[in-house]
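Just below is one structure, and these are the notes that go with it.
There are 2 protein chains.
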Amino acid sequence: MTRKPRKDERHARILEVLRYTPHVRIATLATRFGVTTETIRRDLDALSDQGLLDRAHGGAVARPMGIQPPIDEREQATVDERRAIAHAAARLVEPGQVVMIDAGSTTTQLAWRLGTGDRALTVITNSYPVASAMASSTSRLILCPGDFNAREGGVFGQDTTDYLARFHANLAFIGASGLTGEGILDVNRDAAWVKRTLIARSERTYLLVDHTKFAQTVLELVAPLSAIDGIVTDRPPPESLARHLQRADVTVHVAGPVTADDPQRLTEEIA
Amino acid sequence: MTRKPRKDERHARILEVLRYTPHVRIATLATRFGVTTETIRRDLDALSDQGLLDRAHGGAVARPMGIQPPIDEREQATVDERRAIAHAAARLVEPGQVVMIDAGSTTTQLAWRLGTGDRALTVITNSYPVASAMASSTSRLILCPGDFNAREGGVFGQDTTDYLARFHANLAFIGASGLTGEGILDVNRDAAWVKRTLIARSERTYLLVDHTKFAQTVLELVAPLSAIDGIVTDRPPPESLARHLQRADVTVHVAGPVTADDPQRLTEEIA
DNA sequence: CAGCGCATTTGGTATTTACAACATAATTGC
DNA sequence: GCAATTATGTTGTAAATACCAAATGCGCTG
Numbered sequence: 001m002t003r004k005p006r007k008d009e010r011h012a013r014i015l016e017v018l019r020y021t022p023h024v025r026i027a028t029l030a031t032r033f034g035v036t037t038e039t040i041r042r043d044l045d046a047l048s049d050q051g052l053l054d055r056a057h058g059g060a061v062a063r064p065m066g067i068q069p070p071i072d073e074r075e076q077a078t079v080d081e082r083r084a085i086a087h088a089a090a091r092l093v094e095p096g097q098v099v100m101i102d103a104g105s106t107t108t109q110l111a112w113r114l115g116t117g118d119r120a121l122t123v124i125t126n127s128y129p130v131a132s133a134m135a136s137s138t139s140r141l142i143l144c145p146g147d148f149n150a151r152e153g154g155v156f157g158q159d160t161t162d163y164l165a166r167f168h169a170n171l172a173f174i175g176a177s178g179l180t181g182e183g184i185l186d187v188n189r190d191a192a193w194v195k196r197t198l199i200a201r202s203e204r205t206y207l208l209v210d211h212t213k214f215a216q217t218v219l220e221l222v223a224p225l226s227a228i229d230g231i232v233t234d235r236p237p238p239e240s241l242a243r244h245l246q247r248a249d250v251t252v253h254v255a256g257p258v259t260a261d262d263p264q265r266l267t268e269e270i271a
Numbered sequence: 001m002t003r004k005p006r007k008d009e010r011h012a013r014i015l016e017v018l019r020y021t022p023h024v025r026i027a028t029l030a031t032r033f034g035v036t037t038e039t040i041r042r043d044l045d046a047l048s049d050q051g052l053l054d055r056a057h058g059g060a061v062a063r064p065m066g067i068q069p070p071i072d073e074r075e076q077a078t079v080d081e082r083r084a085i086a087h088a089a090a091r092l093v094e095p096g097q098v099v100m101i102d103a104g105s106t107t108t109q110l111a112w113r114l115g116t117g118d119r120a121l122t123v124i125t126n127s128y129p130v131a132s133a134m135a136s137s138t139s140r141l142i143l144c145p146g147d148f149n150a151r152e153g154g155v156f157g158q159d160t161t162d163y164l165a166r167f168h169a170n171l172a173f174i175g176a177s178g179l180t181g182e183g184i185l186d187v188n189r190d191a192a193w194v195k196r197t198l199i200a201r202s203e204r205t206y207l208l209v210d211h212t213k214f215a216q217t218v219l220e221l222v223a224p225l226s227a228i229d230g231i232v233t234d235r236p237p238p239e240s241l242a243r244h245l246q247r248a249d250v251t252v253h254v255a256g257p258v259t260a261d262d263p264q265r266l267t268e269e270i271a
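If you're matching them up, the sequences are chains A and B in order.
FYI, the numbering used here numbers position 144 of the first sequence as 144, with every residue one higher than the one before it.
FYI, the numbering used here numbers position 247 of the second sequence as 247, with every residue one higher than the one before it.
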């Protein structure tokens, strides 16, 4: 489709530059490449449409992490919900506890929450985004070994579960691809094993799922409902699921929308 | 010193926002906080001076990673040199090899290099910046466990070295705080142990150091010169050090400046 | 409460960028 | 080589931003 060297080379080099500096100005790129600002502007718009960078006023900014270029539209759609869930989940954590946090978008949101606070936690995770989110806090951070999965931004595999098995936590927060009366489901086999280990190695386990996960039957059953102690979600689960949850003695926390003075609100409005 | 809530709160919230989105516009922040754009502009300038964010034309962009807020001025000063070193070191890697990469700024530069290429490497590292840099490549990535050190952006400790000891690599690239006739030195005890393990578990070890590390005697001796096979640096080492290196049979690679058509050049000019 | 220092606002102007419509140049396919 | 398509450059105008300096407001201290 595209075989022209000119434009493609510019695009490639623009992206390359953005790996080193988070922001480039249109004017700079234009003089550098010897083309008009209009051309660069068009380049940036094109790359932005492809989701490879974000536009800014005078230029472009790099997408955070080389991670998750192909974010599901479904994921995108539930940003607010997942923030609300993270907000509610953060209340379940008490100072000084040992907390295991699964890899995932909702759990990463939770980590941001916990990272801003000042509780002296010990956090064990297999996800770098989670570690990064908590980096500035006072918490102690233990990262798992394993094969790095760029898409998930975390490590998985036998090494990961073996390592996790050495620890014992007060709380574990896990995510999932689906939640049915049968139990918790996930699409990723390696991730499923990690989740099972997290459940096994913690006193209490909370599942963080938004409503789109309700009644989703996917590849693999991670664990039955009875394996977890509570779920944190954004909407009340449907009747049949609610019955199963009650029978399995799983408490249900439904998160309200984040408050207006919340810093995350700003992000939403900006986006 | 600062007890006023007004300004400080804005600053904190601006930084918070930048954790979620890579870019904010001045106008957006102004309307959000109910203050003038001038005020936000000053906020941004102040935060920029503190190195907490980068200014852009219409706003600000987040510093890449929550990592290394306090970068040494010395580190800052030798950016070009370290890029050149990374450029030269990347030539030492052949497709298909198993490569261990130490945590550090120079080694992270190397990872960027290797990440852009298409050699199918297996990379073992204790540094997330390294992993992140390579994420988009075809390489397999194995991350070590351990205590996460936000300042270094990597994991260290007994867990880390134990884990590393299970592997065997063709090449290892390590950094250091100092290099003298006596050997390789480092300020961080945990990091020193990791480096020793990297050396022990690889067929060949290259030390990546810029000229400011020459003749720097710091806390701990990591290993004698004879432990490594080569160094990659930006300037020829001083006479006495050169003699020691030759006696220890250490090859010296002196990197030239990066070529003009190199994508990184652009970054430098922008900065 | 007067005075001081700091943060913020206000107002005005110079620059820079965005946007759109059109002209020109380059490339491709036939 | 010609026509169609695409890429790039030009121009003009509106909007957004940057910069500067002075004025105002506000909190604090004595």
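Note that beta-carbon positions come from the ideal geometry of N, C-alpha and C, so glycine has one too.
Cross-chain neighbours of residue i in chain A, by beta carbon under 7 Å
i	result
residue 23 of chain B	54, 56, 61
residue 163 of chain B	145
Within-7 Å CB hit, residue i to chain B
i	result
residue 129 of chain A	no
residue 71 of chain A	Caution applies to residue 71 of chain A, whose pLDDT of 38 falls short of 50 and renders its modelled position unreliable; the value that the coordinates give is listed next. Chain B, which has no Cβ nearer than 7 Å to the Cβ of residue 71 of chain A, makes this no.
residue 155 of chain A	yes
Under 7 Å between C-beta atoms of residue i and residue j
i	j	result
residue 171 of chain A	residue 85 of chain A	no
residue 103 of chain B	residue 181 of chain B	no
residue 164 of chain B	residue 214 of chain B	no
residue 160 of chain A	residue 144 of chain A	yes
residue 218 of chain A	residue 250 of chain A	no
residue 110 of chain A	residue 89 of chain A	yes
residue 325 of chain A	residue 106 of chain A	What the structure shows of chain A is the stretch from 1 to 271, and residue 325 of chain A is not part of that stretch, so it cannot be assessed.
residue 25 of chain A	residue 58 of chain A	yes
residue 252 of chain A	residue 245 of chain A	yes
residue 226 of chain A	residue 242 of chain A	no
residue 231 of chain B	residue 198 of chain B	no
residue 126 of chain B	residue 194 of chain B	yes
9 Å Cβ cut-off: residues of chain B touching residue i
i	result
residue 140 of chain A	147, 148
Residue i burial status per 10 Å Cβ neighbour count (16 or more: buried)
i	result
residue 237 of chain B	buried
residue 222 of chain A	buried
residue 240 of chain B	exposed
residue 129 of chain B	buried
residue 10 of chain B	buried
residue 22 of chain A	buried
residue 168 of chain A	exposed
residue 146 of chain A	buried
residue 120 of chain B	exposed
residue 56 of chain B	buried
residue 201 of chain B	buried
residue 152 of chain B	buried
residue 256 of chain B	exposed
Supposed close pair residue i, residue j - CB separation, criterion 8 Å
i	j	result
residue 191 of chain A	residue 148 of chain A	About 13 Å separates the two Cβ atoms, so there is no contact after all.
residue 210 of chain A	residue 229 of chain A	Their Cβ separation, rounded to whole angstroms, is 19 Å, which puts residue 210 of chain A and residue 229 of chain A out of contact at 8 Å.
residue 14 of chain A	residue 43 of chain A	6 Å
residue 52 of chain B	residue 63 of chain B	7 Å
residue 275 of chain B	residue 114 of chain B	A question about residue 275 of chain B goes unanswered here, because the residues of chain B that appear run from 1 up to 271.
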